[in-house]
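Novice:
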Amino acid sequence: MSLTANAVSPSVPLVVEVTNLLKEVVTADTKLTILNNATFGVTAGDTVAVVGASGSGKSTLLGLMAGLDTPTSGDVKIDGVSIFGLDEDGRAKLRGERVGFVFQSFQLLPSLTALENVMLPLELAGAPNAGTRAQAILQRVGLGARMTHYPKQLSGGEQQRVAIARAFVTEPKLLFADEPTGNLDSKTGAAMVDLLFTLNREHGTTLILVTHDHTLARRCTRRLVIDNGVVIEGE
Amino acid sequence: MKIFLLSLKMLRRNWRAGEARVLIAALFVAVASVTTVGFFADRVEGALNRQANELIAADATLISDKPTRAAALSRAQALGLTSAQTTTFPSMVSGDVDKGQGVNLAEIKAVSSGFPLRGKLRISDATAAPDREAVGIPATGTVWVPDVLLARINASVGDTLKVGNSQLKIAALLTKEPDSVLEYFGVMPRVLLNEADLAATGLVQVGSRVTYRLLLAGDTASIQAFKAELAPTLVRGERIETVRDSRSEVRTALDRAQRFLGLATLLSVILAAVAVALAARRFSQRQVDSAAMMRCLGASQSDIFGLNFWQFVAFGIIAVLAGSLFGYIAQAVLGALLSQYFTVVLPPPSPTPVLQGALIGTTLLFGFTLPPLLALRKVSTLRVLRRDVNPLDATAVSAYILGFLTLLALIIWQAGDIKLGLIASAGFLIILAVAGGAGWLLINLAGRGRIAASGAWRYGIANMKRRSNSSLIQIIALGLGIMALLLLTLVRSDLIGAWQTKLKDGTANRFVINIQNDQVEKVATFYRENKLEASAADSLAPMIRGRLVAVNDAKILPTKYKDERARRLVEREFNLSWSQKLPDANRVVSGKFWTDENASEPSYSMEEGIAKTLGVSVGDTLTFDVAGTKYAAKVTNLRTVNWDNFKPNFFVIASPGLMKGLPASYISSFYLPEGREATINKLIGQFPNLTVIDMTAIMTQVRSISDQVGNAVSFVFLFTLAAGLVVLYAAIASTQDERVYDAAIMRTLGANRRQLMILQLAEFLAIGLLAGAVASAGALGLAMVLSEQVFGVPYEVNALIPLIGLVGGGLGVALAGLIGTRNALNTPPIAVIRSLA
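Residue numbers (our numbering), protein chains in the order written: chain E, 1 to 235; chain X, 1001 to 1837.
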């Protein structure tokens, strides 16, 4: 079940629990509030779209939930673990074990082939059969024939499929996606969304994505709208 | 272990993707140039030493006034050294008096088989006959003598010579004896005989003035070991000499040779360091996004460090192994190519250069990569969402401090000479600071001036200004690179030229000694009448034998001096001289030389080196004992002496007021052109008491050492050139990613190939010209300091340097830049934007 923004029920186990999250940045003469006391929770298997205008604080919220950034105050728990109670390495470990990412700009390592990019998170975790598992998921995303290609030899859609394969290969409980279709044409973008949701279903992953794309947002079970740093439950 | 194994995989992947090529190339060149130069310099130095050692016929000599101790000989044998012995003493020899042949004082030299250990004896059958290399030593019952002795006693080859109680047959004319040139102040004609004949002459008695020499030859380490072991056991009357201890001319030439090779190696190290620094910076910058992504994927800070650290260790190992192997092969090829220039066989190289190369490679690698590597750990993971967050500040001064400190330490160590090392380090730092300041100023000036430029030129200059940090680093790096190349090419030839002109044709090649007071005018007239060099008549200098007995009224006790050379100096008589004026090729370095006004006051002028050895400074009072009378005066000045000018030079010169009236014999030198040897016979005929010393052999030796060093340095220069090219490549590659991206954007906006090319050209030309300007100034300044302070030759400003620096720098960088970034023009924009999105 899902909870209304700004309200947390203590009785339901949450994958992500955001409490009074505040992010302010101090510029030369002013203090800018990017995220204003956001409080909400996300339960297992949810698909949540974070929407809002440019500069509304969507990516900041995603960065904070994933522990890529630190807040001015407030807390985020993943699987009940308060991530800001951990140090940088602790957060990295938690991400490695439970979190996957898909980015707008794909973020593939240019010096690694498609296969090596997908193997990397498994290798970092010291997981066995990295090669076989990476090959299987690349087959699954339709890139069986492009495994030895470098990112620069792949189209945008293919690069994003590699990124999705990399995100799912560790079978994370939670997947964050930042504008996953932002760099793709609408047809490729739609195919990518299908793939993302299919894999999400197959793996039972909780998906939180940031998007401008209303079609994509509508496919999610929940929508959170950010307006001037305030998070509210959408329609 | 997990991270170690993963880092090896990443290494393979990065290698395949070409990520580390520039870094490995820079490291490879660093190690290869240091080891090649090291190996080669090692061998050349060995060869030069060996060649110089011909002058003492050995690598080292134990000289004693008593027969060589058996212990010393057995120690030498135990160390695997080859040995020979000589016994020398003066004695009268005579021809067949019944035939009207005469009597003359000669130096008898009995030699054992194997003599000489270095160099060759040459003999001939008659005065005008061609000479040949001698096989072995005189057979028992025979002697070899120089033609001057035969002329004096009116004998010829085949006659007998009476030496003590023995009658020995004159079997050949001795035309060249390697170690004779060194003893030109005690010149008596030599009589070379077999040591087996010595006892029968009955000349060696208790109390005879006999000098025993144990000549030794072998590898440097064993020679050093022998010297080190024997030095503490030396008793009075014993000393060990190598060629460096005995001849100032040779020592100067050898020292310069070493410094030249040291300089070349040093510049290779500096260039390689610059290349490594640039390449490490680029590599680290390219790892920033990967590091941020890996942090997202769960890598800890120490994982990120470990992943990169082990890759760098592997780069280091690869570069050191490949570089050392290359260095070994290259020096072997060089050695083979150069062997024709050397009169002695190049000795095999020692393994030290490999260690040097390895140490330098790894030190440079970690000096310049550790700071950015540590910074990589702190890369914000937020970069995966926003690229502008926390870029790695690879231009921060802190990122280079460790590298620079490492480099300075390496410079001083590699220079192998504290003075050269300190000058090079100070020069390097000053140039770095000046290049940084000037580069920054020029970038800003050019930035302002761009309004006046048109089209693509304006964008080009604007680009340079926009990337001002990168541009500054490029200017400094290229400036250092071009400077090193200028210094080695042009300045090298200037330095060697200046040094060789001192030995140009016309340098004095004959010394005349024993000229008596009343003969001075007559000899000067003889020189003028026989059209000998104009300065010959002026070169007549008085020579007075004196012993230093007190410094500042304190009696000299040889035992007071720890320094062996100092002890020897005060034990023997000095050749003193007096002079109205400061002799040519002497330069006062402290105090003042007397003038016509105060020349009548008693004072001494001392050579700087000997003053240092004896601990004497300006203002100290020296007392010399000359024929029983003491002459005390203050030292009013210290001089440096140009020992390789082949003119009479003196450690101590007195003012005319102190010694003018004393009985003295005179010495002079002049240049005798080839084919005019008859003039010498005429001189001797007119003044039979004079001794003429032929300096040609030692001059040929010194000249050939300088020629060979010139060749060696030229070859070694090729490696410095390679290092310079890698710097150029690394500097250009350092901004390649930005350029490729900029070009893609410009092309998207409608720029054509030509416009892009002009844009790139403008930027590289501007950078090249700025680097060239910085380099020319640096090269001129360094050359001046190096030539005066280190090589001891006056430097004349070469007006071509700024021109070549500017034109060469500008065009070279522009051309290399265009070639290096041609990808930017040829890659389809969409591919670039996609890959860098």
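Just so it is clear, CB atoms sit at the ideal spot from N, CA and C, and this is done for glycine as well.
Given the structure is predicted, the values throughout are model-derived calculations rather than measurements.
Kindly identify the DSSP beta-bridge partner or partners of X/P1766.
Specialist: For clarity, residue 1766 of chain X is Ala in the given sequence; the question names Pro instead. For X/A1766, which the question treats as bridged, DSSP gives no partner whatsoever.
Novice: Against chain E, does X/L1382 count as a neighbour if the rule is that its beta carbon must be under 8 angstroms from one of theirs?
Specialist: Yes, X/L1382 lies at the interface with chain E (some Cβ there is under 8 angstroms from its Cβ).
Novice: Check each residue of the segment 1290 to 1301 of chain X: if its Cβ is closer than 9 angstroms to any Cβ of chain E, include it; give the result in chain order.
Specialist: Here the close residues are S1290, A1292, M1293, M1294, R1295, C1296, L1297, G1298, A1299, S1300 and Q1301.
Novice: Taking the continuous beta strand (DSSP E) assigned at E/G52, which residues delimit it?
Specialist: It spans T47 to G52 - the beta strand (DSSP E) in which E/G52 sits, taken as one unbroken run.
Novice: By a C-beta neighbour count over all protein chains shown, 10 Å radius and 16 as the cutoff for buried, is E/A5 buried or exposed?
Specialist: Annotation note: pLDDT 45 at E/A5 (below 50); position unreliable, coordinate value reported separately. Buried, because 16 or more other Cβ atoms sit within 10 Å of the Cβ of E/A5.
Novice: Return the bridge partner residues of E/T19 from the DSSP annotation.
Specialist: Partner(s): E/D75.
Novice: Helix, strand or coil, according to DSSP, for X/K1531 in the structure here?
Specialist: Reduced to three states, the DSSP call for X/K1531 is coil.
Novice: Mapping DSSP to helix, strand and coil, what is E/T30?
Specialist: Coil at E/T30, not helix or strand.
Novice: Pop quiz: E/G100 and E/F168 are said to be a contact at Cβ under 8 angstroms. What is the actual Cβ separation, rounded to whole angstroms?
Specialist: The Cβ separation is near 6 angstroms, so the contact holds.
Novice: With 8 angstroms set as the bound, which would you pick, yes or no: does the beta-carbon of X/T1395 sit closer than that to a beta-carbon of chain E?
Specialist: In this prediction, X/T1395 scores a pLDDT of 47, lower than 50, which makes its location untrustworthy; the coordinate-derived value is nonetheless stated afterwards. Not closer than 8 angstroms to any Cβ of chain E, the Cβ of X/T1395 fails to qualify, so no.
Novice: Closest Cβ-Cβ distance between E/Q139 and chain X: below 8 angstroms?
Specialist: By this cut-off, E/Q139 is not an interface position.
Novice: If you measure from the beta carbon of X/A1744 to each beta carbon in chain E, is any gap under 8 angstroms?
Specialist: No, X/A1744 lies away from the interface with chain E (no Cβ there is under 8 angstroms from its Cβ).
Novice: Could you say which of X/A1632, X/E1763, X/V1235 and X/L1008 lies nearest to X/V1551 if we only look at CA atoms?
Specialist: Selected option, being the one with the closest Cα: X/A1632.
Novice: Here's the rule I'm using: 16 or more other beta-carbon atoms within 10 Å means buried, otherwise exposed. How should X/G1218 be labelled?
Specialist: So X/G1218 counts as buried.
Novice: Among residues of its own chain, excluding the 5 on either side of X/F1185, which ones have a beta-carbon nearer than 6 angstroms to its beta-carbon?
Specialist: Confidence in X/F1185 is poor, its pLDDT being 40 and thus under 50, which makes the residue's placement unreliable; the coordinate value appears in the next sentence. Counting only Cβ-Cβ distances below 6 angstroms, and skipping sequence neighbours, we find nothing.
Novice: Have a look at X/K1531 and X/K1176 and give me their C-alpha separation to the nearest angstrom.
Specialist: Their backbone Cα atoms lie some 28 angstroms apart in a straight line.
Novice: Pick helix, strand or coil for E/D227, following the three-state DSSP scheme.
Specialist: E/D227 falls in the strand class under three-state DSSP.
Novice: Quick check: X/V1549 and X/D1625, are their CB atoms within less than 8 angstroms of each other?
Specialist: Yes.
Novice: Counting along the chain, where does the alpha helix (DSSP H) carrying E/E179 start and finish?
Specialist: Note, E/E179: premise wrong, no alpha helix (DSSP H); not H, not E.
Novice: Decide yes or no for the touch test of the segment 1653 to 1673 of chain X against the segment 1608 to 1615 of chain X: beta carbon pairs closer than 8 angstroms, at least 3 of them.
Specialist: The answer is no - the segment 1608 to 1615 of chain X does not touch the segment 1653 to 1673 of chain X, with fewer than three Cβ pairs under 8 angstroms.
Novice: Which class does E/F101 belong to by DSSP, given the choice of helix, strand or coil?
Specialist: The answer is strand: DSSP assigns E/F101 an E or B state.
Novice: In angstroms with no decimal places, state the Cα-to-Cα distance between X/A1837 and E/L184.
Specialist: Reliability fails at X/A1837, whose pLDDT of 46 lies under 50, so the model's placement of it is uncertain and the value that follows must be treated cautiously. Distance between the alpha carbons of X/A1837 and E/L184: 12 angstroms.
Novice: Spatial neighbours of X/G1403 within its chain, please: CB distance less than 6 angstroms, with the 5 preceding and 5 following residues excluded, ordered by chain position.
Specialist: If we look at X/G1403 and ignore the five residues flanking it on each side, its Cβ neighbours are A1277, G1367 and F1368.
Novice: How big is the Cα-Cα spacing for X/T1395 and X/V1354?
Specialist: Confidence at X/T1395 is low in this model, with a pLDDT of 47, below 50, so its placement is unreliable and no value can be given for it.
Novice: Is there a Cβ from chain X that is less than 8 angstroms from the Cβ of E/L68?
Specialist: Yes, E/L68 counts as interfacial toward chain X.
Novice: Could you spell out the range, first to last residue, of the alpha helix (DSSP H) harbouring X/P1656?
Specialist: Here the alpha helix (DSSP H) through X/P1656 covers P1656 to M1659.
Novice: For the candidate residues X/G1781, X/L1432 and X/R1281, whose alpha-carbon lies nearest to that of X/L1374?
Specialist: Comparing Cα-Cα distances from X/L1374 to each of X/G1781, X/L1432 and X/R1281, the minimum goes to X/R1281.
Novice: At what residues does the alpha helix (DSSP H) containing X/L1786 begin and finish?
Specialist: That residue, X/L1786, is in no alpha helix (DSSP H); it is neither H nor E in DSSP.
Novice: How would you label X/N1194, buried or exposed, when you count the other beta carbons within 10 angstroms and need 16 or more for buried?
Specialist: Buried.
Novice: What do you get for E/E202, buried or exposed, if any count of 16 or more other CB atoms within 10 angstroms of its CB means buried?
Specialist: By the neighbour-count rule (16 or more Cβ atoms within 10 Å), E/E202 is not buried but exposed.
Novice: What does X/N1586 pair with, by DSSP beta-bridge criteria?
Specialist: Paired residue(s): X/V1641.
Novice: Hey, could you find the ends of the beta strand (DSSP E) X/S1166 is sitting in?
Specialist: Where X/S1166 is concerned, the enclosing beta strand (DSSP E) stretches over S1166 to K1176.
Novice: Any idea what DSSP makes of X/R1016, helix, strand or coil?
Specialist: Helix, per DSSP.
Novice: Identify the contact partners of X/R1282 in chain E, using a Cβ-Cβ distance below 8 angstroms as the criterion.
Specialist: Per Cβ cutoff of 8 angstroms: no residues; X/R1282 is ~13 angstroms from chain E at best.
Novice: Going by alpha carbons, who is nearest to X/K1660 out of X/N1586, X/T1636, X/L1005 and X/K1581?
Specialist: X/K1660 has its Cα closest to that of X/K1581, out of X/N1586, X/T1636, X/L1005 and X/K1581.
Novice: Helix, strand or coil for E/N6 per DSSP?
Specialist: Unreliable placement is indicated for E/N6, whose pLDDT of 42 sits below 50; the coordinate value is still reported in the next sentence. Residue state, collapsed to three classes: coil.
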